[in-house]
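As given, the protein sequences belong to chains R and L, one line each in that order. Per the working numbering, the very first residue in the first sequence carries number 164; after that it's consecutive. Per the working numbering, the very first residue in the second sequence carries number 164; after that it's consecutive.
There are 2 protein chains.
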Amino acid sequence: MKEIKLQKNVLSKNDVIAAELRKQFTQKRLLVLNLLSSPGSGKTSLLEETAKALGSSLRFAVIEGDLQTERDADRIRKYGVKAVQINTGRGCHLDANMIAGAVTQLDLDSIDVLFIENVGNLVCPAAYDLGETAAVLLVSTTEGDDKPAKYPTAFLKADLLVLNKIDLAPYTNFSTERFREDAARIKPKLKMIEVSCTTGAGIDQWIQWLEEQIKAKKIL
Amino acid sequence: MKEIKLQKNVLSKNDVIAAELRKQFTQKRLLVLNLLSSPGSGKTSLLEETAKALGSSLRFAVIEGDLQTERDADRIRKYGVKAVQINTGRGCHLDANMIAGAVTQLDLDSIDVLFIENVGNLVCPAAYDLGETAAVLLVSTTEGDDKPAKYPTAFLKADLLVLNKIDLAPYTNFSTERFREDAARIKPKLKMIEVSCTTGAGIDQWIQWLEEQIKAKKIL
């Protein structure tokens, strides 16, 4: 019982900081996207494709969460995008306090979108609010179509589902239909975009969704 | 500070139960393998291939760890293998207490090998001893070759590294050489076996490794 109570307290403290962050982001009309996925589903690749597609027309920055290394931040920086790396050590997720620390290294007035690339993990990151506008869940076809039923909390948290590596689907037994149905069972009406960061297929739909979200922020 | 202290206590309690389990497994000369990987790397597929290859000549049982569903246990049961499913809810890993509960549902005297398929997650399961003889880490080529540097704790815990989905490697930018070098940097001399659960390539090497471990247990 003691452990459960403490987890509650930790989460409440996280929620207080997340609420402060959300207030700050809203005031600045900043779109903040929390990217969740398994290790290696293609979060950094999606950000690279975004940088390629929009170049300097999209003003964005990235907060990278990893146990170790600056590799993902370095990949993003190659495109001239500001990236702040958080190393969590043995920590399985980012929390709002880490984000509060990272945003002090960013000039939020000079950007329209802040991407937060969470630690590669379908479990723990789903439990922590980072003050984001929306959560984007990436799943790749090579992980199998049974992920919605097995990791429901991540699908419940998601505002957009991006199915990546559709170019590899023909070499696997992945069924897009089964995946879509299972995801809808967890969260009806969850929008899904199918992409391949390798071939570039579907990236235009991702960019369109992104531009709609930015537009909505500016109008609000 | 309070949270860190509590985590220590929880881990110590886990270690006490894990030590009891290890003693029990050793007395029975039972090989217990803790399978770790990201979601969808192919843990269940590897067990299916094991059942196909060894049939009734290997007496084994499986403890399946998942947030939700009995899907993995059902896949294994199709081969006539006894499988106990643990659903962790929102829990990101199995712990020794869950294993202690599950083994009461198994006749340990009638098996030679117990596989524990951990929750799909490269972070949390690496921190919990389950009383296993050895930890087997699965990584699939589609996850990218940067996993050793990014998830060092899982590689440090591993006694065997199984690289799966080598049939898909030609369609990705995965470099086996880079992966091997990075893994060796984290844990020198970590043995690696390359397999494809789809084509069956390398499964013979996995079976050979498994038989060597069983043999060693019986001799000891």
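Just so it is clear, CB atoms sit at the ideal spot from N, CA and C, and this is done for glycine as well.
In the structure shown, R:LYS350 falls within a coil segment according to DSSP collapsed to helix, strand and coil. In the structure shown, the three-state DSSP call for R:LEU209 is helix. Interface with chain L (9 Å Cβ-Cβ cutoff): R:LEU285 is included. At a cut-off of 9 Å between C-beta atoms, R:PRO202 counts as an interface residue with respect to chain L. In the three-state reduction of the DSSP assignment, R:LEU323 falls in the strand class. For the C-beta of R:PRO315, the chain L residues within less than 8 Å are, from N- to C-terminus, LEU230 and GLN231. For R:LEU257, there are no C-beta contacts with chain L under 9 Å, since the nearest C-beta of that chain is about 12 Å from it. For L:LYS320, not one C-beta of chain R is nearer than 9 Å to its own C-beta. Using a Cβ-Cβ cut-off of 8 Å, R:GLU211 is close to nothing in chain L; its nearest Cβ partner there is about 12 Å away. Contact between the segment 174-182 of chain L and the segment 271-282 of chain L is absent, with fewer than three C-beta pairs closer than 8 Å.
The beta carbon of L:LEU319 lies closer than 7 Å to those of ILE349 and LYS350 in the same chain, with the five residues before and after it left out. Between L:SER338 and L:ILE366, the alpha-carbon positions lie close to 21 Å from each other.
Between the alpha carbons of L:PRO202 and R:HIS256 lies a gap of roughly 16 Å.
Excluding residues up to 5 positions away in sequence, ALA289 lie with their Cβ nearer than 6 Å to the Cβ of L:THR316 in the same chain. The residues VAL276, THR296, GLN376, ILE377 and LYS380, in chain order, have a CB closer than 6 Å to that of L:LEU194 in the same chain once the five nearest residues on each side in sequence are set aside. The Cβ atoms of R:ASP322 and R:VAL299 lie closer than 9 Å to each other. Shown here for L:ALA263: same chain residues with a beta carbon closer than 8 Å to its own, the five before and five after excluded, namely ILE180, GLU183 and LEU184 in chain order. Under the DSSP definition of a beta bridge, L:GLU280 partners with L:LEU198 and L:GLU227. For L:ARG343, no Cβ of chain R is located within less than 9 Å of the residue's own Cβ.
For L:ASN336, there is no enclosing alpha helix (DSSP H), as DSSP gives it neither H nor E. With a threshold of 9 Å between beta carbons, R:LEU293 makes no contact with chain L.
With distances taken between CA atoms, L:GLY252 lies nearest to R:LEU285 out of R:GLY205, R:LEU209, R:CYS360 and R:LEU285. In summary, L:PRO333 is exposed, with fewer than 16 beta-carbon neighbours lying within 10 Å of its beta-carbon over all protein chains present. Contact note: R:SER338 does not reach chain L at a C-beta cutoff of 7 Å; the least C-beta distance is about 14 Å. Excluding residues up to 5 positions away in sequence, ILE274 and VAL276 lie with their Cβ nearer than 6 Å to the Cβ of R:PHE223 in the same chain. The C-alpha of R:THR207 is placed about 17 Å away from the C-alpha of R:ASP330.
In the assembly as shown, R:GLY307 is a buried residue. Its beta-carbon has 16 or more other beta-carbons within 10 Å. The beta carbon of L:ARG234 sits closer than 9 Å to some beta carbon of chain R.
In this structure, DSSP gives R:VAL179 a helical state, which the three-state scheme calls helix. If you check the CB distance, L:LEU301 and L:LEU209 come in under 9 Å. For the C-beta of L:SER303, the chain R residues within less than 9 Å are, from N- to C-terminus, GLY203, THR305 and GLU306.
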